[in-house]
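No gaps in the numbering here: position 128 of the sequence shown is 116 in our numbering, and each next residue is one more.
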Amino acid sequence: MRKGKGFILVAASTSKERRSVSQALRKLDPDIPITEVNSAAALRDALAERPVDVLFLSEEFSNGDGLDVIEQLGQASRGIFTILMADYFSPESLARASKAGLYDCIQTPLSEDDLKRILKRREMQSNRLSALVVDSQPAARHIIFKLMSESRFDLMTSEAATGLLAISLCRSIPYHILLVDADTKDWNGPEMVKFIQKRQAHCRIILMSSKEKEMLADQYEAVGLSGFLKKPFYAKDLDRLLHSILGIPVSNLLKRNFFEEQRPLAQEEDEDPAIASDPDQPANQQEADREVFWL
-11 MRKGKGFILV AASTSKERRS VSQALRKLDP DIPITEVNSA AALRDALAER
39 PVDVLFLSEE FSNGDGLDVI EQLGQASRGI FTILMADYFS PESLARASKA
89 GLYDCIQTPL SEDDLKRILK RREMQSNRLS ALVVDSQPAA RHIIFKLMSE
139 SRFDLMTSEA ATGLLAISLC RSIPYHILLV DADTKDWNGP EMVKFIQKRQ
189 AHCRIILMSS KEKEMLADQY EAVGLSGFLK KPFYAKDLDR LLHSILGIPV
239 SNLLKRNFFE EQRPLAQEED EDPAIASDPD QPANQQEADR EVFWL
């Protein structure tokens, strides 16, 4: 995955849209590097010419569909936080955006809160996180590795099949995140959590189990775990929890009810003359202005 900090790329068909996004970003950070493009060809060239961290892309772009453009870009957009922008999103658009691996969908006009959390996430991307998966089942470790490879965080992951091996690794390797199955061989529950917390104060320990959280709550109550994942879980579940424990608001695509929570579609207003005469708009446009299976 590409490392920050590179450019922020704003891809929208009209100069008014591009200017609006760029101005809103520079209001939060006057020195932020921004490049604007108005066509699919220009977007592809920009991605080839310079490192890009974040791509703000209009859903209606380059005389077509922004999601189609993303599909056409293929590997050229891999590792870039792509943010789809629209007045309002249909369930189909949200499903396609999620399937295409986009990071977020945000409504226009852009809110300051949306931009702040996206910039905070961009800031975090320059930090690679080390993670240890502790689970006695090889198949389970394989699945968790796959889920972590799909995470939008840059994770350097290693594994341990026993609690004793996990303790040995924690003596010499600093970890940011530890995911441990409660039934791992030689895992002595809260005592081992205390041992790791004493030696690695910044390590966030996440408990995994096929049991309900309530069945383990009393046992681990005193040690202050950072989170719990009930098996089977999926990439979105892991990413929601990682956002939470790292203090980063989740993207709209990670929210379960974003479609229902959207701002209502604003009533149409009289066409802005600046849009009608936009030189970037073609003449015929100026009038209208991944899945994981647990074994």
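Even for Gly, the Cβ is constructed at its ideal location relative to N, Cα and C.
Would you call the CB atoms of residue 228 and residue 238 closer than 8 Å? Here residue 228 corresponds to residue number 240 of the sequence shown, with the count starting at 1. Here residue 238 corresponds to residue number 250 of the sequence shown, with the count starting at 1. Yes, Cβ-Cβ distance for residue 228 and residue 238 is below 8 Å.
Inspect the beta-carbon positions of residue 233 and residue 215 and report whether they are closer than 8 Å. Within the sequence shown, residue 233 is the residue found at index 245, counting from 1. Within the sequence shown, residue 215 is the residue found at index 227, counting from 1. For residue 233 and residue 215, yes; Cβs fall inside 8 Å.
Closest by CA to residue 244, which one among 235, 253, 236, 225? For this step, residue 244 is matched to residue 256 along the sequence shown. Of 235, 253, 236, 225, the residue nearest in Cα terms is 225.
If you draw a straight line from the alpha carbon of residue 7 to that of residue -3, how long is it in whole angstroms? Looking up residue 7 in the sequence shown gives position 19. Looking up residue -3 in the sequence shown gives position 9. Distance between the alpha carbons of residue 7 and residue -3: 12 Å.
Which full runs of the beta strand (DSSP E) of 3+ residues lie inside the segment 190 to 259, going along the chain? 192 to 197, 215 to 218
Can you tell which of 142, 135, 100 has the C-alpha that lies nearest to the C-alpha of residue 112? Looking up residue 112 in the sequence shown gives position 124. For residue 112, the nearest C-alpha among the options comes from 142.
When DSSP builds the beta bridges, which residues end up paired with residue 70? Working through the sequence shown from its first residue, we reach residue 70 at position 82. According to DSSP, residue 70 bridges with 43.
Range of the contiguous alpha helix (DSSP H) that encloses residue 55: Residue 55 sits at position 67 when you count from the first residue of the sequence shown. Run containing residue 55: 54 to 61, per the alpha helix (DSSP H) assignment.
At a cut of 8 Å, does the segment 145 to 160 reach the segment 123 to 133 through at least three beta carbon pairs? Using a Cβ-Cβ distance cut-off of 8 Å, the segment 145 to 160 and the segment 123 to 133 are in contact, since at least three pairs of beta carbons, one from each stretch, lie closer than that value.
Pull up the distance between the alpha-carbon of residue 208 and that of residue 134, whole angstroms please. Here the question's residue 208 lines up with position 220 in the sequence shown. Here the question's residue 134 lines up with position 146 in the sequence shown. Straight-line Cα distance between these residues: approximately 27 Å.
Which partner residues does residue 95 have in the DSSP bridge list? Indexing the sequence shown from 1 puts residue 95 at position 107. Note: residue 95 sits in a beta bridge opposite 74.
Could you please give me the residues that DSSP links to residue 107 through a beta bridge? What you label residue 107 is simply residue 119 of the sequence shown in a count that begins at 1. Paired residues: none, contrary to the question.
With respect to the beta strand (DSSP E) encompassing residue 12, which residues constitute its N-terminal and C-terminal limits? Translated into the one-based positions of the sequence shown, residue 12 becomes position 24. Looking at the DSSP string, residue 12 is not in any beta strand (DSSP E); the run it does join, the alpha helix (DSSP H), is 3 to 16.
So, do the segment 81 to 90 and the segment 29 to 37 have three or more beta carbon pairs nearer to each other than 8 Å? no
For residue -4, does the three-state DSSP call read helix, strand or coil? Taking the first residue of the sequence shown as position 1, residue -4 is located at position 8. Residue -4: strand per DSSP, three-state reduction.
Which residues bound the beta strand (DSSP E) around residue 88? Counting from one through the sequence shown, the residue named residue 88 turns up at place 100. Careful: residue 88 lies outside any beta strand (DSSP E) and carries neither H nor E.
I think residue 58 touches residue 88, with their Cβ atoms under 8 Å apart; what is that distance to the nearest whole Å? As a first step, residue 58 must be located in the sequence shown, where it is residue number 70. As a first step, residue 88 must be located in the sequence shown, where it is residue number 100. About 5 Å separates the two Cβ atoms, so the contact holds.
With H, G and I counted as helix, E and B as strand and the rest as coil, what does DSSP make of residue 19? Residue mapping note: residue 19 aligns to position 31 of the sequence shown, counting from 1. When DSSP states are grouped into helix, strand and coil, residue 19 belongs to the coil group.
Per DSSP, the bridge partner or partners of residue 139: Locating residue 139 in the sequence shown gives position 151, counting from the first residue. For residue 139, which the question treats as bridged, DSSP gives no partner whatsoever.
Nearest-angstrom Cα distance between residue 16 and residue 100? Within the sequence shown, the letter at position 28 stands for residue 16. Within the sequence shown, the letter at position 112 stands for residue 100. So the alpha carbons of these two residues sit roughly 8 Å apart.
Using only alpha-carbon positions, find the residue among 104, 162, 46, 43 that is nearest to residue 184. The residue you call residue 184 lines up with position 196 of the sequence shown. The shortest C-alpha separation from residue 184 is found at 162.
For residue 20, tell me which candidate among 33, 27, 41 has the shortest Cα-Cα distance. Counted from its first residue, the sequence shown places residue 20 at position 32. Comparing Cα positions, the closest option is 41.
7 Å CB neighbourhood of residue 158 in its chain, flanking five on each side removed: As a working mapping, residue 158 is identified with position 170 in the sequence shown. For residue 158, where only same-chain residues beyond five positions count, the Cβ hits under 7 Å are 184, 187, 188.
Express the C-alpha separation of residue 136 and residue 79 in angstroms, rounding to a whole number. Residue numbering aside, residue 79 sits at position 91 when the sequence shown is read from its first letter. Residue numbering aside, residue 136 sits at position 148 when the sequence shown is read from its first letter. Their backbone Cα atoms lie some 26 Å apart in a straight line.
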